[in-house]
Amino acid sequence: MIGAVLRAIDNLTGRGDAAVTVPALDGALRPNRRLDEARTRWPLPGVDAIAVLFGSPVASAGTTLYRLADGTAWQPWRKFDGRIACIAAIGDEGLAVVLETGDILIEGGSSEGRSYRVPEGLRCITAIATSPTAIFLANGSATNPAPDWQLDLMQRNASGSLWRIDRDSGKGRRLADGLAWPAGLALDGNSLVFSEAWKHRLARLPLTGGEPVAVHSDLPGYPGRLAPAEDGGAWLAIFAPRSQLVEFVLRERAYKTRMIAEVPRPFWIAPSLRSGRSFYEPLQGGSVKQLGLLKPWAPALSAGLCVRLDRGFQPTASLHSRADGDTHGVTDMAEHQGRVFIAASGDGVVVACDAGTGEEGSLR
Amino acid sequence: MSVSDTLMRWRYRAVPDHLLGEILTKRWIDNAIPVLILMAVVTVFGSAIPDFFGASSLANLLRQWGEFSLLVLALMIVMVAGGIDLSVGSTFALGNIVALTLMSVAEWTMPAAIAATIACGAAVGLVNGILVGYLRLRAFLTTLVTLIIVRAIVDMLLLKYSVAIAGGFIDSDAWYYLGEGFLLGMPFSVFMTLVIAAILHLVLSRTRAGWHILATGGSRRSSHNVGIPVRRVVCITYVVSGALCALAGLLFASRLGGAGADTGIGLEITALTAAVLGGNSLGGGRGSAVKALIGAITVMIMVNSMVRLGVSSGANSLLLGLVLLAAVAIDVRWLKNRHKLLSNVYVSPTFAPLPPAPATEGDSPYALNDKLRPVELIGLGAIDGPEDVILDDDDHIYAGNRTGDIVRFLAPDYKEQEIYAHIGGRPLGMAFAPDGALLVCVGGMGLYRVTKDREVEKLTDETNRSLFTIIDDSRLRLADDLDVAPDGRIYFSEATVRYDMHEWPVDSLEARGNGRIICYDPNTNTTQTILKNLVFPNGICMTHDGQSFLFAETWACRVSRYYFAGPKKGKVEPVIPNLPGYPDNINRASDGTFWLALVGMRTPSVDLSMRMPGFRKRMARRIAPDEWLYPNINTGCVVRFDETGQILDVMWDLGGENHPMITSMREHKGHLYIGGISNNRIGRLKLDGADTGWTGPKSYWGRT
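Read top to bottom, the protein sequences are chains X and P. Residue numbers for the first sequence follow my numbering, so the first one is -19 and each next one is one higher. Residue numbers for the second sequence follow my numbering, so the first one is 407 and each next one is one higher.
Structure, rendered in structure tokens:
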């Protein structure tokens, strides 16, 4: 009762849960243009996940795996029956490929041909992490498939779960559920660090049992996949920025409901991997072009952001593509020999950046 | 339309939300709380005391109120100038004893006695004024000291003359008339107080002297800096205060005819309570005669009612003290929070549904194309925001810019530019008058003319005040576009009367009919509003029949036609009822049709929000303007249509590379010239098959 009254007051005054404040991009997340300035850019429309197998990057787009064969352009390598949900390299055993259909296939290594099944009923695999004995999966939502992530956000669901598949028996076991779109996994010793997108946080789940504990909270965007860094720590893809307007719409139940029902999805007021392509998309005040220019600080529903995390999973540096940039919607990344390959799904491009510059704000 | 939409429509029709905010912008709203308190006091004591509203009770109250109000007015004058006068009670007593002594002991004539009494009070005020005003002593301490000294003088006078006064008799009907007579059905003292209050009100609100007083109280330093003789102003307020107090004492003397040691004791606190309770700020700069009167009535009723209720005198003072405390607290909080309240309630979006937007693909007349791709750019990077462009007989281009200039690009290659005239404000729509002068709507200023000798003249900056609006809509805030009728009358649009130029996004949130179309007649030099409650009226263009013009309503996404002459005079007809974007300027095309600029395109999210005013209102309150949902004005197009509203041609620039924003276009000798309010360029497009001899001035005035 008291809680309801307090919520009503909060709603009236815009405080507490009704507050639409978004943390500023500051400190390690101070904006830059590193993603746009990357010298190496390999276009790959629809690119989603990326991994490094035997020293060369492999990327998924739709139902196809691509390999950067000669280092200049993407070549189709394997094609599957269903959309590829996510991929991860397992040492020299090969590449674990999770398909939307529920199959987990090992491709291109010593374990080529082995396969597993995703536990029954999971339709929204968003991320994978592997160890010699197990495969860990994140299921974003119990009700929506992965491409409907915007809908899941608008519904403010928290029905995601984490799973462990034993590589010997192939049996699946649920580690946690009730999560708000878990979208990235990283193994860290005896625990699993995962990103919880709709709660804008990273959390740690002890594999020995226990409840998840927040590692880093109140990120200025929606955190997605995690990838290991070569000298410890990890990389975090932030696939879309938070914005005051979206936070506000999330709290406006009537508008949200009608928007979901009446407005075509590409034109929703919702974060996206790439915005600003159609004039039917919502426009915000700061995004009005002045003297023919879109300001880099303009509020946007999409952006590119890849964050370097230290061993404690705290941000130390970041790579950005701002409102006027062209490397939006970072969904995955993989580091190899001092270079990090970043898949920008929104703009359908993979860029390669130096993983460490040795200068101020260095990624190491 | 769904049931909830229908309900919403009626809700927003029935309740004029915007009025609350408009009332709060008014200065007189400061009186709201004092009036409420007065009403509460009347209700409470009116019901607690039997016969409260009886004739004898009221008459008695009124007489006392007359004298008391003079004291409060005296205090108000000083407070408004930023000071305080604690000696009002003593001066009142001094006026009383001086008047009685002069009349009954010295047996002066009445006019002489009145003049001397008032002079006596003024002298006390002058002492205060010199000490506080010229010698810059602290007002509080200084007047506290005068309170004591004057009280001492009164006591000395009492000692000497009280017996004589008690024994003497004043043989003058006129003298008793002051205290006991009636004029126009009210006690004379009340009549006089009302007259003095009216004079003070006029002085404070309508005269230079009054403004000086208010300015001094509002900010002494700033007043000094602008050349107001601050010291003299302060001194004069004390003199006036002293004179008014003595006058009150005189009335008291006439009414009661006796001098006692307790006359006027504690009156300064009662008067101060009344003044502050009425809403006169202790900090100065804010106050009026009406506030003083309201406060005086409230306190008078309270004090008298307490006496009649038989409350002991200690409790009476206690109540006064508490009321004073509360009044000061309210004064401070109100001053501090009024603006916050105003900013929270002023923006009041309304239910403004639009029909489903026409498509921009397939066989729609608005289907996308790349016709604007070959636009040549003029003055790229050399002009800041040409909202409108116009060309003269010699092919020179004129365009307004953000810094208030009219810039001229010189034919034939438009490489060179010059500042043709500097007006200030934000030059928007332009047109040529029959004599070749350039007529300009200037946002924030009004309607201006730049003659061929480059002289800038104001044509009009105000129109008739609407009778039933709360905000004063006589001043032009956002004159937008104009056109000239064949008889020389100038019709121009004012986009909104509620916001200034740079606040247009807020008006788009409201989407109410805040705008109007106004006619300026140069023959009689008069300005008249002819159409009201339009939704951001923007472009205006004369049709070819000489009896009507077309006008665009931006947030309503429609173009209509208004007849100002002929058989359909006064009628408005829809021409294009539903556009896929937000219309801006309209201009004539060479083949008798019209060009229309769509400054932006409708987005489904905004169209939905137009049906949900509460959503827009909360958005305006919760999130920063840079984050607001805007109409999409990053992409626009040029539309050609005829008088029947048929769409003949649409020209797009996909991606907005050349023209992110199109607010106007002007055909001239086979080319189309394009302006945009946030662009840094002017576009020039060759039109295929257009009349290469056609110019705007020729079309309007038949010249070559």
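Backbone N, C-alpha and C define an ideal beta-carbon position, used for all residues, glycine too. Model, not experiment: these values are computed from the prediction.
| field | Against chain P: residues of the segment 236 to 249 of chain X by CB proximity under 8 Å | value | Arg238, Met239, Glu242, Val243, Pro244, Phe247, Trp248 and Ile249
| message | So, for P:Trp1100: in the same chain, excluding its five sequence neighbours on each side, which residues have a beta-carbon less than 6 Å away from its beta-carbon? | response | Taking the second sequence and counting its residues from 1, one reaches residue 1100 of chain P at position 694. If we look at P:Trp1100 and ignore the five residues flanking it on each side, its Cβ neighbours are Ser996.
| task | Determine, using beta carbons only, whether P:Phe1021 comes closer than 8 Å to chain X. | result | Within the second sequence, numbered from 1, the residue matching residue 1021 of chain P stands at position 615. Yes, P:Phe1021 counts as interfacial toward chain X.
| request: Determine, using beta carbons only, whether P:Phe546 and P:Leu673 come nearer to each other than 8 Å. | output: For this step, residue 546 of chain P is matched to residue 140 along the second sequence. For this step, residue 673 of chain P is matched to residue 267 along the second sequence. No.
| Name the chain P residues that come within less than 9 Å of X:Gln264, Cβ to Cβ? | Reading the first sequence from its first residue, position 284 is the one you call residue 264 of chain X. In chain order: Asp1032, Glu1033, Trp1034, Leu1035 and Tyr1036.
| message | Run through the DSSP bridge pairs and tell me what X:Phe321 is partnered with. | response | To locate residue 321 of chain X, count along the first sequence from 1; it is residue 341. Bridge partners of X:Phe321: X:Ala314 and X:Ala332.
| Would you say P:Gly785 and P:Gly810 are within 8 Å of each other, going by their C-beta atoms? | As a position in the second sequence, residue 785 of chain P is number 379, starting the count at 1. As a position in the second sequence, residue 810 of chain P is number 404, starting the count at 1. No.
| task | Give every residue of the same chain whose Cβ lies closer than 7 Å to the Cβ of X:Gly338, excluding the five residues on either side of it in the sequence, and list them in chain order. | result | Sequence index remark: in the first sequence, residue 338 of chain X carries index 358 (1-based). Model confidence at X:Gly338 stands at a pLDDT of 38, short of 50, so the residue's coordinates are unreliable and nothing is read from them.
| task | Could you name the residues of the same chain whose beta carbon sits closer than 6 Å to that of P:Arg895, not counting the 5 residues immediately before and after it, in chain order? | result | Here residue 895 of chain P is taken as the residue at index 489 of the second sequence, counted from 1. In its chain, beyond the 5 residues on either side, Cys925 and Asp927 have a beta carbon closer than 6 Å to the beta carbon of P:Arg895.
| Beta-carbon proximity of X:Ala31 to X:Ala68, cut-off 8 Å | Reading the first sequence from its first residue, position 51 is the one you call residue 31 of chain X. Reading the first sequence from its first residue, position 88 is the one you call residue 68 of chain X. Taking 8 Å as the Cβ cut-off, X:Ala31 and X:Ala68 qualify as a contacting pair.
| said: If you reduce the DSSP assignment to three classes, tell me which class X:Arg344 lands in. | reply: Taking the first residue of the first sequence as 1, we reach residue 344 of chain X at position 364. The pLDDT assigned to X:Arg344 is 49, lower than 50, so where the model puts this residue is not dependable, and the model offers no usable value.
| What is the rounded straight-line gap between the Cα of X:Cys286 and the Cα of X:Ala41? | The residue labelled residue 286 of chain X in the question sits at position 306 within the first sequence. The residue labelled residue 41 of chain X in the question sits at position 61 within the first sequence. If you take the alpha carbons of X:Cys286 and X:Ala41, they lie about 19 Å apart.
| field | Partners in chain P for X:Glu261, counting only beta-carbon separations shorter than 7 Å | value | Counting from 1 along the first sequence, the entry for residue 261 of chain X is found at position 281. The contacting residues are Thr1009.
| query | Does X:Ala234 come within less than 8 Å of chain P when only Cβ atoms are used? | reply | Residue 234 of chain X sits at position 254 when you count from the first residue of the first sequence. Chain P, which has a Cβ nearer than 8 Å to the Cβ of X:Ala234, makes this yes.
| So, is the C-beta of X:Gln224 closer than 8 Å to a C-beta in chain P? | For this step, residue 224 of chain X is matched to residue 244 along the first sequence. So, interface residue.
| field | Minimum length 3: unbroken beta strand (DSSP E) runs contained in the segment 761 to 827 of chain P | value | 782 to 784, 795 to 797, 803 to 806 and 811 to 815
| request: Can you give me the Cβ contacts of X:Thr44 inside the same chain, cut-off strictly under 6 Å, excluding the 5 residues immediately before and after it? | output: Working through the first sequence from its first residue, we reach residue 44 of chain X at position 64. Pro56 and Lys59.
| query | For P:Met1071 versus P:Ile1080, is the C-beta spacing smaller than 8 Å? | reply | Mapped onto the second sequence, residue 1071 of chain P falls at position 665. Mapped onto the second sequence, residue 1080 of chain P falls at position 674. Result yes, Cβ atoms of P:Met1071 and P:Ile1080 sit closer than 8 Å.
| What residues are listed by DSSP as bridge partners for P:Trp1151? | No information on residue 1151 of chain P is available, as it lies outside the stretch 407 to 1110 that chain P covers here.
| query | Who are the Cβ neighbours of X:Ala(-2) in its own chain at under 7 Å, not counting the five residues just before and after it? | reply | Translated into positions along the first sequence, residue -2 of chain X becomes position 18. The answer, listed in chain order, is Asp(-10), Asn(-9) and Arg231.
| Taking only beta-carbon atoms, is P:Asp1097 less than 8 Å away from chain X? | Numbered from its first residue, the second sequence carries residue 1097 of chain P at position 691. Output row for P:Asp1097: interface = no.
| field | Members of the segment 757 to 769 of chain P that neighbour chain X once the beta carbon cut-off is set at 8 Å | value | none
| field | Cβ shell of X:Arg291 (< 7 Å), same chain only, five flanking positions each side left out | value | On the first sequence, position 311 is the one that residue 291 of chain X refers to. Contacts found: Gly212 and Gly213.
| said: Check for me: the alpha helix (DSSP H) holding P:Trp1058 runs from which residue to which? | reply: Taking the first residue of the second sequence as position 1, residue 1058 of chain P is located at position 652. From DSSP, P:Trp1058 is part of no alpha helix (DSSP H) but of the beta strand (DSSP E) over Ile1053 to Trp1058.
| message | Which same chain residues end up closer than 8 Å to P:Val556 when comparing Cβ atoms and leaving out the 5 residues on each side of it in sequence? | response | Here residue 556 of chain P refers to the residue found at position 150 of the second sequence. Sequence-distant Cβ neighbours of P:Val556 in its own chain, meaning closer than 8 Å and more than five residues away, are Ser493, Ser496, Thr497, Ala499, Leu500 and Val530.
| query | Could you give the distance in angstroms between the alpha-carbon of P:Asp859 and the alpha-carbon of P:Gln934? | reply | Taking the second sequence and counting its residues from 1, one reaches residue 859 of chain P at position 453. Taking the second sequence and counting its residues from 1, one reaches residue 934 of chain P at position 528. P:Asp859 and P:Gln934 have their C-alpha atoms some 28 Å from each other.
| Among the residues of its own chain, which have a CB less than 7 Å from the CB of P:Asn939, if the five just before and after it don't count? | Taking the first residue of the second sequence as 1, we reach residue 939 of chain P at position 533. The residues are Gly919.
| query | Is it buried or exposed for P:Glu863, if we count other Cβ within 10 angstroms and need 16 for buried? | reply | Locating residue 863 of chain P in the second sequence gives position 457, where the first residue counts as 1. Its Cβ having fewer than 16 others within 10 Å, P:Glu863 is exposed.
| How do the segment 687 to 702 of chain P and the segment 477 to 484 of chain P stand: do at least 3 beta-carbon pairs fall below 8 Å, yes or no? | With three or more CB-CB distances shorter than 8 Å, the segment 687 to 702 of chain P counts as touching the segment 477 to 484 of chain P.
| request: Taking only beta-carbon positions, decide if X:Gly305 is within less than 8 Å of chain P. | output: The residue labelled residue 305 of chain X in the question sits at position 325 within the first sequence. Answer no: the Cβ-Cβ gap between X:Gly305 and chain P never drops below 8 Å.
| request: From the DSSP output, in three-state form, read off P:Ile736 for me. | output: Locating residue 736 of chain P in the second sequence gives position 330, counting from the first residue. Three-state DSSP puts P:Ile736 in a helix.
| field | X:Glu87 - containing beta strand (DSSP E), residue span | value | Sequence index remark: in the first sequence, residue 87 of chain X carries index 107 (1-based). Taken as a continuous stretch (DSSP letters only), the beta strand (DSSP E) holding X:Glu87 covers Asp83 to Glu87.
| query | Whose Cβ in chain P lies nearer than 7 Å to the Cβ of X:Pro279? | reply | As a first step, residue 279 of chain X is located in the first sequence; it is residue number 299 there, counting from the start. Here the neighbours are Asp1032 and Glu1033.
| task | For X:Phe349, name the three-state secondary structure that DSSP assigns. | result | With chain X represented from -19 up to 344, any question about residue 349 of chain X goes unanswered, as that position is not in the structure.
| query | Can you find a C-beta in chain P that's less than 8 Å from the C-beta of X:Lys179? | reply | Within the first sequence, the letter at position 199 stands for residue 179 of chain X. With 8 Å as the cut-off, X:Lys179 does not count as an interface residue toward chain P.
| Residues in the segment -17 to -1 of chain X having any Cβ partner in chain P nearer than 7 Å | Gly(-6)
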